[in-house]
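Visitor: For reference, each letter of the sequence shown is one residue, going 21 to 181 in my numbering.
This is the structure, below, for whatever I ask next.
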Amino acid sequence: MQRAPGEDRLFRVAYGDGELEFMLQPWFDVEVAPPAQPIDKQYDIVIAGIGKPDDADLTQALRAAAYLRLAKAPAVRDGGVLIIPAQLEDGEGDDPVEITSLVENCLVVIAASESPEIVRIANLRAAVDVEEALDIAYEHIGRPQRASVLLVPRAQQRSTS
């Protein structure tokens, strides 16, 4: 996940074999998690980049992003929002219901999925793209004057310690 060259509010996130671009509104205070360093505070909204092969099905995508909630200091605050851009071209996977328990106490929004109906069946929110997911997240946290957002590249590679 990175800022687009020359743009301070335009970002890219891993998605499938490529990347999605999205714009963050000025009311979002944005940080990008440095690789191999622990995340030591909580955020209102976390965008978990995962990409191939972990975004192939819902179970894998949730498992990859769950590391951000299972850490000693969870990156997403209780009542916050976890956004996962994931293609889900293979559908639901093994047992997404079991994995959803790992991300309790926060709203999970799957962005840009090829299978939004599977997302809804798992009692998660589906969004057309990351920008719509951010709109959903902003509403969910009560439209504060400022909202903290963390972009996490390769969330599945984070340790839970």
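From the three backbone atoms N, C-alpha and C, an ideal C-beta is built for every residue, glycine too.
1. With 16 other CB atoms within 10 Å as the buried threshold, where does residue 93 fall?
2. I need the DSSP call for residue 49, collapsed to helix, strand or coil.
3. In whole angstroms, what separates the C-alpha of residue 121 from that of residue 106?
4. State the beta-bridge partners of residue 124 as determined by DSSP.
5. How would you label residue 86, buried or exposed, when you count the other beta carbons within 10 angstroms and need 16 or more for buried?
6. Determine the direct distance from the alpha carbon of residue 123 to that of residue 140, and round the result to whole angstroms.
7. Candidates 166, 80, 64: which alpha carbon is nearest residue 115's?
Guide: The short version:
1. When all chains shown are included, residue 93 counts as exposed.
2. For residue 49, the three-state secondary structure derived from DSSP is strand.
3. C-alpha separation (whole angstroms): 19 Å.
4. Answer is none; residue 124 lacks a bridge partner.
5. Residue burial is scored here from C-beta neighbours: residue 86 has at least 16 other C-beta atoms within 10 angstroms and is therefore classed as buried.
6. Residue 123 has its alpha-carbon roughly 15 Å from the corresponding atom of residue 140.
7. Relative to the Cα of residue 115, the nearest Cα in the group 166, 80, 64 belongs to 80.
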